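By the working numbering, the letter at position 50 of the sequence shown is numbered 1069, and the numbering carries on one by one without gaps.
Where is the CB? At the ideal position from N, CA and C, for every residue including glycine.
Everything numeric in this text was worked out from a predicted model, so none of it was measured.
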Amino acid sequence: MADMNFTGPEPDLQDLLAARPPLQMHAQDGLCLEGVPLNAIADAHGTPVWVYGAATMRARFAALRDAFAAEGVPMHIHYAVKANDHLAILNLFREQGAGADVVSIGEFLRATKAGVAAQNIVYSGVGKSASELETALGAGIGQINVESAEEVEMISGIAMRLCVVANIALRMNPDVDAGTHAKITTGLAENKFGIAAEDIPALYARAAKLPGVKAVGIAMHIGSQILSTEPYRLAYEKGAEMIRSLREAGQSVEVLDLGGGLGIGYQDEPGLNPSAFAAVVRQVTDGLGVKLMMEPGRYLVGPAGLLVGSVILQKQAGKRFLVLDAAMNELMRPAMYEAWHGILPVGAAAYQNPTTPADVVGPICESADIFAKDRQLPDLQPGARIALLDAGAYGAVMSSAYNARPRAAAVLVDAGGFQLITKRQEIAALWEDEILPRT
Ligand SMILES: Cc1ncc(COP(=O)(O)O)c(C=O)c1O
1020 MADMNFTGPE PDLQDLLAAR PPLQMHAQDG LCLEGVPLNA IADAHGTPVW VYGAATMRAR
1080 FAALRDAFAA EGVPMHIHYA VKANDHLAIL NLFREQGAGA DVVSIGEFLR ATKAGVAAQN
1140 IVYSGVGKSA SELETALGAG IGQINVESAE EVEMISGIAM RLCVVANIAL RMNPDVDAGT
1200 HAKITTGLAE NKFGIAAEDI PALYARAAKL PGVKAVGIAM HIGSQILSTE PYRLAYEKGA
1260 EMIRSLREAG QSVEVLDLGG GLGIGYQDEP GLNPSAFAAV VRQVTDGLGV KLMMEPGRYL
1320 VGPAGLLVGS VILQKQAGKR FLVLDAAMNE LMRPAMYEAW HGILPVGAAA YQNPTTPADV
1380 VGPICESADI FAKDRQLPDL QPGARIALLD AGAYGAVMSS AYNARPRAAA VLVDAGGFQL
1440 ITKRQEIAAL WEDEILPRT
């Protein structure tokens, strides 16, 4: 199965373990996350189950924050809620000092429920409805990243009615190829996102005159799972150039929002290095005199999450299929993006046995319900547990109840213990909101 942007050799079980310090193999307890045996979690809460490591998330936040500090660049980090919107996780990043980046009123209300102040929330997205904007503005949202001229007018009208002033940044589409999967590229002229550079000056001038809105700056987001700093450099240079020319035209520009997109090493390819990223940001924005913001999601949570499943059966049908109790309704990324996820057995004994190729699949009635093709894995009998790695971002948030499969439980590992943070959905909850028509 092709990875989004990496075609190197597949790492083996030992490579996967060695590249992920939060994971340890314990001779008796088997695979552990941050010292906590996954078997203990699965015994307590069943499978499939999402498991997130709090220390890993905190460490990744600190690495990003420290990379900017080392460059002397003050950076306001707004966690992109869409990557993993669990209240426990939003709360964790709030405690680290992060604001939130949201793309719907549901995400906005989730973030505020987790204690993020409305003032520390940025609202992005190509289609915000009037009622969503009204709620966000009424609650005192900090900034709205606007994606069209139509939206500027809409916000002005709503803000006037509410007697508030909306801080808006114009999302500029820099027409830069982020070098990532087509489905997660957002900064090309052909993509639906943002405003073309040539349209920004007139729209900025219009916004500066409109009542109810204050044009505060420029926002960008060129895509996700970006592994090179070069597309960022190109995009941010265009953003900096735009800010200079807006100022020459007499506009006030206070903010540059750099978006998210920092990629991680799913297949042990080097992820985007925060220090290299911070250095590019410093070089491009040096002397620009703006408040810098960014909106990372995947980088902060991706490597901190696992999806733990159990083998239902090992089917021989010309080739070996490992059929799991986890499926594409939990982790969509392989079906949606042909994404590669590492897979590790949870039991220690499995690591002593020879590996042979197997297709790792879920039980859903779709040929796309496949996590890995021809993956080298040991013999795994029914009941054996496996962990799908790097599933913390764009995992649970994209899950569904397809095939009437209740949503999986989620557990947070912290300080050597673990806690349930989402209960497994009851089967009856699948239809509790449904109404049978009267006959
Ligand atoms: C506007 C915006 N900001 C931030 C992000 C977060 O991206 P990532 O999780 O790749 O950091 C996204 C996701 O695509 C986005 O659309």
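#1: Where does the unbroken beta strand (DSSP E) through G1176 begin, and where does it stop?
#2: Please name the residue in G1316, W1450 and M1191 whose C-alpha comes closest to that of Y1413.
#3: Less than 8 Å between the CB atoms is what I'm expecting for L1311 and L1275, so what's the real figure, rounded?
#4: Starting from the Cα of G1411, find the closest Cα among V1145, A1099, G1231 and D1218 and give me that residue.
#5: Helix or strand or just coil, what does DSSP make of D1276?
#6: Using alpha carbons as the reference points, say which of T1199, F1390, G1231 and M1191 lies closest to F1212.
#7: Among the residues of its own chain, which have a CB less than 6 Å from the CB of A1168, if the five just before and after it don't count?
#8: Tell me the rounded alpha-carbon separation between K1228 and G1091.
#9: Look at N1103 and V1430 and say whether their C-beta atoms are less than 8 Å apart.
#10: State the Cα-Cα distance for the pair E1172 and G1258, rounded to the nearest angstrom.
#11: Whole beta strand (DSSP E) runs in the segment 1221-1255 with 3 or more residues, listed along the chain?
#12: Taking the CB atoms as reference points, tell me whether P1041 and T1075 lie closer together than 8 Å.
#13: Tell me the rounded alpha-carbon separation between R1443 and K1233.
#14: What would DSSP say about M1020, mapped onto helix, strand or coil?
#15: Would you report the Cα separation of A1046 and L1111, rounded to the nearest angstrom?
#16: With a 10 Å radius around its C-beta and 16 neighbouring C-beta atoms as the bar for buried, classify N1348 as buried or exposed.
#17: Just the C-alpha distance for G1072 and A1078, rounded to the nearest angstrom, thanks.
#18: Identify whether S1329 lies in helix, strand or coil by the three-state DSSP scheme.
#19: Around the C-beta of M1023, are 16 or more other C-beta atoms found within 10 angstroms, so that it is buried, or is it exposed?
#20: If we call anything under 8 Å between Cβ atoms a contact, is L1407 one with H1360?
#21: At a cut-off of 7 Å, would you count D1196 as near ligand 1, judging by its Cβ distance to the nearest heavy atom?
#22: In chain order, what residues of the same chain have a beta carbon less than 8 Å from the beta carbon of C1051, not counting five sequence neighbours either side?
#23: Looking at R1317 and ligand 1, is the gap between the Cβ and the nearest heavy atom below 7 Å?
#24: Compute the Euclidean distance between the alpha carbons of I1383 and I1177, then round it to the nearest angstrom.
#25: Hey, which unbroken runs of the beta strand (DSSP E) at 3 residues or more fall wholly within the segment 1360-1395?
#26: Indicate whether the contact test is met: 3 or more Cβ pairs, each with one atom in the segment 1194-1203 and one in the segment 1233-1246, closer than 8 Å.
#27: Taking the DSSP output, what are the residues bridged to P1056?
#28: Here's the rule I'm using: 16 or more other beta-carbon atoms within 10 Å means buried, otherwise exposed. How should K1147 be labelled?
#29: Under the assumption that D1388 contacts P1067 (Cβ atoms under 8 Å), give the Cβ distance between them as a whole number of angstroms.
#30: Looking at the unbroken beta strand (DSSP E) that takes in D1514, where does it start and where does it end?
#31: Three or more C-beta pairs under 8 Å: does that hold for the segment 1433-1449 against the segment 1362-1370?
#32: Measuring only the C-alpha atoms, how far is T1205 from G1065?
#33: Taking buried to mean at least 16 other C-beta atoms within 10 Å of its own C-beta, is A1021 buried or exposed?
#34: Taking only the alpha-carbon atoms, compute the straight-line gap between G1324 and W1069 and give it to the nearest angstrom.
#35: For ligand 1, any of its heavy atoms closer than 7 Å to the Cβ of L1291?
#36: I'd like the ranges of any alpha helix (DSSP H) spanning at least 4 consecutive residues and lying wholly in the segment 1086-1111.
The short version:
#1: Segment A1168 to L1181 is the alpha helix (DSSP H) holding G1176; no beta strand (DSSP E) there.
#2: Among G1316, W1450 and M1191, the Cα nearest to that of Y1413 is on G1316.
#3: Yes, they are in contact, since the Cβ atoms of L1311 and L1275 sit about 6 Å apart, within 8 Å.
#4: Of the listed residues, the one whose Cα sits closest to G1411 is A1099.
#5: Reduced to three states, the DSSP call for D1276 is strand.
#6: When each option's Cα is compared against that of F1212, the closest is M1191.
#7: Around A1168: L1222.
#8: The C-alpha of G1091 is placed about 35 Å away from the C-alpha of K1228.
#9: In this structure, the beta-carbon distance from N1103 to V1430 does not fall below 8 Å.
#10: Computed Cα separation, rounded: 23 Å.
#11: Taking only runs of at least 3 residues, the beta strand (DSSP E) segments lying wholly in the segment 1221-1255 are 1232-1238.
#12: Annotated as proximal: P1041 and T1075, with beta-carbon spacing under 8 Å.
#13: Rounded to the nearest whole angstrom, the CA to CA distance from R1443 to K1233 is 45 Å.
#14: Here M1020 scores only 31 on pLDDT, less than 50, and its place in the model is too uncertain to base an answer on.
#15: Rounded to whole angstroms, the gap between the alpha carbons of A1046 and L1111 is 31 Å.
#16: Looking at its Cβ environment, which holds 16 or more other Cβ atoms inside 10 Å, N1348 is buried.
#17: CA-CA distance, G1072 to A1078, rounds to 10 Å.
#18: Three-state DSSP puts S1329 in a strand.
#19: Its pLDDT being 49, under 50, M1023 is placed unreliably in this model, and the coordinates cannot settle the point.
#20: The Cβ-Cβ distance between L1407 and H1360 falls below 8 Å.
#21: No; taking the cut-off as 7 Å, the Cβ of D1196 has no heavy atom of ligand 1 nearer than that.
#22: Excluding residues up to 5 positions away in sequence, L1042, Q1043, M1044, H1045 and L1057 lie with their Cβ nearer than 8 Å to the Cβ of C1051 in the same chain.
#23: Yes, since a heavy atom of ligand 1 falls inside the 7 Å radius drawn around the Cβ of R1317.
#24: Per the coordinates, the alpha-carbon of I1383 lies some 45 Å from the alpha-carbon of I1177.
#25: Complete beta strand (DSSP E) runs here, min 3: 1362-1364 and 1374-1380.
#26: Touching, yes, given that three or more Cβ pairs across the two stretches are closer than 8 Å.
#27: Bridge pairing for P1056: C1051 [DSSP].
#28: Buried: at least 16 other Cβ atoms inside 10 Å.
#29: The pair is not a contact, with the Cβ atoms about 13 Å apart (cut-off 8 Å).
#30: The structure shown has nothing for residue 1514, since the chain only spans 1020 to 1458.
#31: Segments in contact, no.
#32: For T1205 and G1065, the distance between alpha carbons rounds to 38 Å.
#33: For A1021, the predicted structure reports a pLDDT of 34, less than 50, and the residue's modelled location is therefore unreliable. The matter cannot be settled from this model.
#34: Cα to Cα, the separation comes out at about 7 Å.
#35: No, the beta carbon of L1291 sits no closer than 7 Å to any heavy atom of ligand 1.
#36: DSSP runs (the alpha helix (DSSP H)) wholly in the segment 1086-1111: none.
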